[in-house]
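In UniProt numbering, the protein residues as written are 1 to 332. The C-beta atom is built at its ideal place from N, Cα and C for all residues, glycine as well. Structure first, commentary second.
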């Protein structure tokens with residue numbers, strides 16, 4: 001049995017990872033989460049107390065991080081400020097959490113010789129043209145567009161440096177856009193779903209031609225656990241499920257799934273510096289580790305996600321009014 005420290009384990013991807021570990025292993029999990037607006041205690045309900053411990057705290061707290069890392073076999077680092085719009089409004093928390101927080105964890109795992117896996121994003125690579133035949137791969141040069149993606153790029157480079165210079169037993173993964181249960185309603189897919197539930201017309205940035213490579217959160221987390229168990233130390237793995245869809249198509253699919261006219265949405269001002277297209281080449285993950293997504297059909301995964309939000313209104317309802325007020329103030 002292993003004991004894992006999961007940072008950001010009350011957030012969207014992190015909480016789903018904790019549930020995945022509980023269902024697919026005998027590991028014990030310690031969650032460290034600052035419980036900012038993105039953390040939700042309800043996302044961790046129902047976990048077995050014999051294998052699960054929650055600690056409220058900041059990854060920038062060096063003393064706390066050192067104490068927790070000293071008692072585990074591996075760290076899986078999800079904790080991050082991760083919303084592009086928020087990073088444009090105030091970059092400082094992104095620099096503090098994503099850079100200094102990663103540094104604090106790296107120093108702790110170096111001191112205690114603990115296995116470390118770092119969760120990152122495909123946004124560190126910038127974007128692709130709509131007609132570009134290429135996809136992102138492990139050696140694609142970094143070209144971040146926003147304070148968020150720049151801070152994540154910097155954190156990735158810290159991990160690579162600590163692995164090379166200090167022998168930290170680290171792996172990295174850069175994943176495409178996640179969707180699924182327990183995602184904060186400020187994010188694109190749950191915002192549109194919950195708007196339709198509330199009788200509000202969905203909102204589409206610009207013309208909606210921006211393409212994202214969607215992956216269900218359960219498939220992402222299955223890949224992370226596999227990399228943690230079998231990944232080559234020092235290597236980066238890209239995680240993607242060949243789920244490219246433009247934003248306009250995604251909104252129209254949501255509306256159709258929910259019994260509404262496909263054109264029942266409004267265009268709003270585009271995000272500054274909005275990346276045009278992301279696309280992941282996950283060949284290394286598939287060929288070296290044998291990973292395959294369960295949700296190969298985006299439509300099926302999206303339908304399951306719609307049903308989750310319909311069935312779990314008590315989870316997302318407390319967040320909704322504040323999110324819509326913020327977007328309204330921005331004209332979005």
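Helix, strand or coil at residue i [DSSP, three-state]
i	result
residue 59	coil
residue 319	helix
residue 247	helix
residue 164	helix
residue 271	coil
residue 295	coil
residue 130	coil
residue 122	helix
residue 201	coil
residue 305	helix
residue 263	coil
residue 2	coil
residue 146	coil
residue 312	coil
residue 242	coil
residue 336	Nothing about residue 336 can be reported from this structure: the residues present for the chain run from 1 to 332 only.
residue 187	coil
residue 332	coil
residue 154	helix
From the options, residue whose alpha carbon lies closest to that of residue i
i	options	result
residue 111	169, 222, 143 and 228	169
residue 223	173, 257 and 271	173
residue 104	244, 273, 319 and 61	61
residue 209	191, 129, 305 and 164	129
residue 34	65, 25 and 20	65
residue 184	277, 41, 159 and 30	41
residue 148	120, 159 and 161	120
residue 56	6, 271 and 117	6
residue 280	177, 316, 192 and 308	177
residue 296	251, 316, 242 and 322	242
residue 53	82, 39 and 18	18
residue 91	225, 125, 152 and 102	152
residue 251	216, 190 and 315	190
residue 23	253, 48 and 237	48
residue 74	316, 31 and 264	31
residue 329	290, 36 and 89	89
Distance between residue j and residue i (C-alpha atoms, nearest Å)
i	j	result
residue 239	residue 269	30 Å
residue 212	residue 292	19 Å
residue 248	residue 94	29 Å
residue 288	residue 228	13 Å
residue 261	residue 133	33 Å
residue 59	residue 100	9 Å
residue 267	residue 84	19 Å
residue 69	residue 8	14 Å
residue 10	residue 206	32 Å
residue 294	residue 219	6 Å
residue 202	residue 194	9 Å
residue 234	residue 164	8 Å
residue 271	residue 186	14 Å
residue 25	residue 146	37 Å
residue 255	residue 312	19 Å
residue 258	residue 306	8 Å
residue 86	residue 80	12 Å
residue 171	residue 118	6 Å
residue 154	residue 142	10 Å
residue 138	residue 16	25 Å
residue 113	residue 246	43 Å
residue 3	residue 108	16 Å
residue 298	residue 214	8 Å
residue 325	residue 180	24 Å
residue 135	residue 196	33 Å
residue 244	residue 276	12 Å
residue 39	residue 199	26 Å
residue 340	residue 322	What the structure shows of the chain is the stretch from 1 to 332, and residue 340 is not part of that stretch, so it cannot be assessed.
residue 188	residue 327	12 Å
residue 116	residue 76	6 Å
Opposing strand residues paired with residue i [DSSP bridges]
i	result
residue 216	179
residue 116	75 and 170
residue 277	211
residue 236	172
residue 7	32 and 77
residue 136	280
Min CB distance residue i to chain B below 8 Å
i	result
residue 79	No chain B appears in this structure, which consists of one protein chain only.
Extract the residue ranges of the beta strand (DSSP E) inside the segment 47–98, only unbroken runs of 3 or more that lie entirely within it.
52–56 and 74–77
Entirely enclosed beta strand (DSSP E) segments - the segment 14–49, minimum 3 residues:
28–33
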